[in-house]
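Asker: Let me begin by handing over the structure; questions about it come next.
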Amino acid sequence: PDEANPMLGWRGIKRELDQPDILKAEFKAIKKLHEQGYTNIGVMLPLLHKPSELHEAKEIAKSVGLIPHVDVEFGMMVETPASAIIIEDFIAEGLDFVSFGTNDLTQYTLALDRNNELVAKHYTEAHPAVLKLIMNVIEKCNEAGVTTSICGQAGSKPEIVEKLVEAGISSISANTDAVATIRKLVAKVEKRIMLDAARKALKDE
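Per the numbering used here, the sequence shown starts with residue 6, numbered consecutively.
Written out as structure tokens, the structure is:
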């Protein structure tokens, strides 16, 4: 449809739930792959802002014989400040994993269009508010045994990656040209964390 502000419009899970036949077809395709023996498949729902959306999507999956958390892992993209702030409620509904969509999360948190050159200089995933949302989600997910990952540009920025590793993120996706640098940084930070833990253990003895 023609929308005045499509980035805040009919997209993501809202569109999927408004067109359940399309979502059913997608779940049927995933079910078929599961029946063929593929085990490395997960369902990741986009742009959620309330747990009832996760619940409704799961019910649709069940209606076609795809059992969430049994046949396939179910997770969500954390792209809205709402989902980051009440992540505990999504965990209570049942999650296997979350992935941060930092491009959308940043623009929604800062109220900045990431494609608008007039405000591009103000757009940064390193803003304290964005990082605070991400850290909160990682902390709550780690407590509940829910894995976390990150995509978007943030996973290629060393200053952000260091904070993510320190917070305990499960995995990081980086741009091709940044993979080598990020891999070395992750190893360095993890080594430091292990050494700090070892020193603390020795000190406490």
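Glycine residues also receive a C-beta, built at the ideal position from the N, C-alpha and C atoms. Computed from a prediction, not measured in an experiment: that's the story for all the values here.
1) Are residue 81 and residue 123 touching if we call contact CB-CB under 7 Å?
2) Please classify residue 127 as buried or exposed, where buried requires at least 16 neighbouring CB atoms within 10 angstroms.
3) Rounded to a whole number of angstroms, what is the C-alpha to C-alpha distance between residue 129 and residue 13?
4) Please list the terminal residues of the continuous beta strand (DSSP E) segment that includes residue 84.
5) I need the boundaries of the beta strand (DSSP E) containing residue 3, first residue and last residue.
6) Three or more beta-carbon pairs under 8 Å between the region 140-147 and the region 111-122, yes or no?
7) Which class does residue 27 belong to by DSSP, given the choice of helix, strand or coil?
8) Alpha carbons only, please: which of 200, 182, 27 and 207 is nearest the one belonging to residue 69?
9) Between which two residues does the alpha helix (DSSP H) harbouring residue 184 extend?
10) Determine the contact status of residue 52 and residue 99, defining contact as a CB-CB distance below 7 Å.
11) Does the region 178-187 touch the region 195-210, meaning 3 or more C-beta pairs lie closer than 8 Å?
12) Which residue from 191, 61 and 75 puts its Cα closest to that of residue 46?
13) Hey, how far is the Cα of residue 189 from the Cα of residue 48?
Answerer: In short, the structure shows the following:
1) no
2) exposed
3) 19 Å
4) Neither: residue 84 is in no beta strand (DSSP E) and is coded neither H nor E.
5) Nothing can be reported for residue 3: it is not among the residues displayed for the chain, which extend from 6 to 210.
6) no
7) helix
8) 27
9) 184-209
10) no
11) no
12) 75
13) 30 Å
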